[in-house]
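Below is one structure, written out as structure tokens; the observations come after it.
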Amino acid sequence: MENAIYLRRKNKILLNRSIENTPFEDTKSIQYIATIIKNIEDLGFTLSKSVINVIKNYSKDQLENFYYSIVTDIKLIIGANKKYSPMYPNFPSQVMNATDSELYINAIMHYLTFGEFLPNYKKETRIPLLNANKFKVIDLGDEKEFLSIFTNLLQSKTSLSEMDQSDIKWFFNNKLDFIKNLLPEEIPLKENVALVSKLILENGLNQQLLFRYFKTATDVLRLCVALSEGDISLSQNTRFRSFKRKERRLILSLLENCNNIEEDMKRYKNRWIRLGERLHPSEFKTSYLKTQTAFNKLRNNEKIETFNGKVDKAIKESNLMAALDLLKQRPGEFARKLDYLLRKTNRPNVIINEFKNVAEQVASTVLLQVIEHFKHRNDGKELRAFFPKGNISKVFAIDNTLPEVPEIICNNIIRICENSLINQFKQKDYLGKVYVDEALRNYIVPFSQRSSSKSFKTIVRGSKLDFPKNTNTIRTFIYWKEAHNDRTDLDLSAVMYDENWNYLEHVSYTNLRSVTYKAFHSGDITSAPNGASEFIDLDIESVRKYGGRYIVLSINSFTEQNFAEIPECFMGWMARGNPNSGEIYEPKTVENKIDITSEAKICIPMILDLHENKVIWTDIALKSNPRFYNNVEGNQAGMVLMGKAMTTLNKTNLYDLLRLHVKARGEKCYNKEEADIIFSANEGITPFDHDVIVSQFL
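For the sequence shown, the residue numbers in my numbering are 1 to 698.
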């Protein structure tokens, strides 16, 4: 598992450098290693010189252990550990050449037998794979860098994905002796405080470690939610478990140690009242008096004056200076309310000047989002998109009805925020000569990964990936396995639109091949007791030639199970040069693979933009509200809305973030060979080095 994490995150592995005293002839060692490399290359990977230099001294047993271990890890990462058996084994040519009656009869027989009937076709010999992509090089890592993954994740200023949290739990379970030294002095994100505190308690570490991390009552609430296996983002209610007396004392001590708890507790009043029924603070008559008072006020509906209440009152009474005096006490709130304040008053220069005085105290993540907001404030976009907090990967889109803000005001705010960020970044270590690849403009800064799916490559929603060179066909695939006696029918679909989002055609179980384009579905399978798979091929040029621009890929749960209820479910995509060469599933052509595990029945993992030759990574869930059945035909309105929202999304990109770092603490370099540090899409620090970005550059 250690190398599985390291390989997935850094494309590196740790190796045992101790040599067994078992003689192994040089010629045989070379043959073994050559065979290992060849087999790994069939999966799209190869070994670096540094890895080969270590394993060339291995005994036969060590080489065998190395091979089976790394192949197992690679196959799991890219989905090559499954058997893919689509309905038509000679896809795509078989679907292309079949008669309409053949496709129709096979489908009807399959549906009438509830998925038991599958046509019996002999698999034909396929020509070898042509135009394979470049190999991903597995390099030699070290223990220090591997352990730093844990610390980096905890130093993140943004929410972590389920995969990130799973890796943190692994470190607690397997590297407990190191944990105390790996814990950072500060954990910026409160959700991470709750997660780590829960793990500290479960693993019997010193409870005193917790007190340095808890600053507010909401921090304590998150801990109680975590201990009750609830949603630590607090977007959903939690049924609190009963706490032992020792636990209650700790929780109440943490709460008593926080400031302004009454106001903070009022934000989640009903949850605190329910939690109080589990904590019984009045049982400790002479202790936790501040906490007991706060609970009494909540239960008795006594008035608790809040910061936001004071600000809103001042604005309502047109007392701008009183509102600004309050907001300067909480610069983060000031930054978030800038647009609202500018719309509510006619004294924009006063607001801007007061904000300038406190801007450097605003978190970098908030400043970056303010910059991007005002950069595009007057773009006149049709929709405004929001990603609500929570564990489900939703996006909401509403009509953009905001009045314009004068450009000079927008530019002043942008300048203030950029200067404040540069001054913040100057406090960090000098970077030296820095090369920043222009391609990083296509990758979004990871502000929130809370609901991101576990994937081979961690990609932020809205990021755009170039099609690999020599790609003629995009092949998407889905694999799932149903629970015992719970028939599960998932459907992979692709819908084509023109540049104005007018519907052109779709390929799905209702339409296995396009009339106009070279687009094919491998056949609808309606049950998966032993696992099932479906594929869709999309010929890029043929869709583009007939006016297609956007292709929305979707996965629908026809039998209405949430994806989270399905034991195994993932999708991925491949870049193919010749779709009829090689196997239908070719590991070395897999560009990415994600697990579909959300509490939803529809998923839109990606959108293809054929004008820009890019994959737009979406990884969003769509509410299941079709008119008749859960399929693409029943969800056209929702898909178009989400498509428009995601293709016009404005979020801070990595290039702009790193440009500010270079201004603050580095020297811009135009030549990779001369650079001390490289930021690019595929070497140096990449967009997939998620732990480094969220901890060291935000």
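Even glycine gets a Cβ: it sits at the ideal position worked out from N, Cα and C.
Since the model is a prediction, treat every value here as computed from it, not as a measurement.
Pick helix, strand or coil for residue i, following the three-state DSSP scheme.
i	result
His611	coil
Arg267	coil
Tyr629	At Tyr629 the pLDDT is 49, less than 50, meaning the model places this residue with poor confidence and gives no usable figure here.
Ala494	strand
Ser104	It should be noted that the sequence gives Tyr, not Ser, for residue 104. In this structure, Tyr104 counts as helix in the three-state DSSP scheme.
Asn65	helix
His484	coil
Asp177	helix
Pro587	helix
Ala564	helix
Glu667	strand
Trp573	strand
Asn192	helix
Pro281	helix
Phe334	helix
Pro348	helix
Asn353	helix
Gly531	coil
Ala314	helix
Rank the options by C-alpha distance to the C-alpha of residue i and give the top, closest one.
i	options	result
Arg665	Thr589, Asn257, Asp429, Glu202	Asp429
Leu538	Met574, Ala564, Asn562, Ile525	Met574
Phe520	Ile352, Ile168, Val495	Val495
Ile304	Thr647, Asn3, Met265	Met265
Phe333	Val311, Leu320, Thr345, Val350	Contrary to the premise, residue 333 reads as Glu rather than Phe in this sequence. Looking at the Cα atoms, Val311 is the closest of the given residues.
Leu368	Met639, Ile422, Asp437	Ile422
Gly582	Glu102, Pro128, Asn57	Pro128
Thr589	Lys28, Lys136, Ala107	Lys136
Lys644	Leu608, Leu657, Ile200	Leu608
Leu326	Val662, Asp379, Phe355	Phe355
Ile602	Thr72, Asp486, Phe558, Asn81	Phe558
Phe214	Thr238, Glu185, Ser242	Glu185
Ile200	Thr238, Asn152, Ser235, Leu250	Leu250
Tyr585	Asn65, Ile13, Thr72, Gly79	Gly79
Ile70	Lys83, Ser18, Leu140	Leu140
Ile685	Glu2, Asn3, Lys10	Lys10
Lys593	Lys56, Val366, Thr35, Lys75	Lys75
Glu565	Leu490, Gly548, Ser522, Pro579	Leu490
Ala483	Asn346, Cys569, Tyr517, Met642	Cys569
Asp399	Cys410, Lys381, Ile416, Pro406	Lys381
Arg271	Asn346, Ser364, Pro587, Asn237	Asn237
Glu302	Lys285, Asn308, Lys269, Ser282	Lys269
Phe114	Asn106, Tyr121, Asn120	Asn106
Using the C-alpha atoms, what's the distance from residue j back to residue i?
i	j	result
Leu654	Gly531	39 Å
Tyr479	Tyr104	23 Å
Asn349	Leu320	12 Å
Asn90	Ala621	32 Å
Lys344	Ile315	8 Å
Val196	Leu118	49 Å
Tyr670	Ser680	12 Å
Glu499	Glu41	39 Å
Gly572	Ile77	11 Å
Lys198	Gln207	10 Å
Glu404	Glu418	22 Å
Arg330	Leu512	57 Å
Ile352	Thr158	27 Å
Arg627	Lys190	The pLDDT assigned to Arg627 is 45, lower than 50, so where the model puts this residue is not dependable, and the model offers no usable value.
Ser93	Phe477	17 Å
Asn682	His661	20 Å
Lys83	Ser29	31 Å
Lys169	Arg475	34 Å
Gln424	Tyr497	44 Å
Tyr503	Trp617	21 Å
So residue i and residue j are supposed to be a Cβ contact under 8 Å. How far apart are they, rounded?
i	j	result
Glu247	Ala294	Rounded, the Cβ-Cβ distance is 19 Å, inconsistent with contact.
Pro188	Ser156	7 Å
Arg717	Phe240	For residue 717 there is no data in the structure shown, the boundaries of the chain being 1 and 698.
Lys180	Leu205	7 Å
Tyr111	Thr488	In fact, because the Cβ distance is near 15 Å, the residues do not count as touching under 8 Å.
Ile371	Thr652	7 Å
His690	Pro446	6 Å
Tyr6	Phe146	5 Å
Val434	Ile677	5 Å
Quick one: is the Cβ of residue i within less than 7 Å of any heavy atom of the ligand NAP?
i	result
Lys136	The ligand NAP is not part of this structure, which contains no ligands at all.
May I have a chain-ordered list of the beta strand (DSSP E) segments no shorter than 3 residues that lie completely inside the stretch 384 to 466?
-> 396 to 399, 432 to 436, 464 to 466, all fully within the stretch 384 to 466.
Segments assigned alpha helix (DSSP H), at least 4 residues, entirely inside the stretch 80 to 129 = Runs of the alpha helix (DSSP H) inside the stretch 80 to 129: 93 to 97, 100 to 112.
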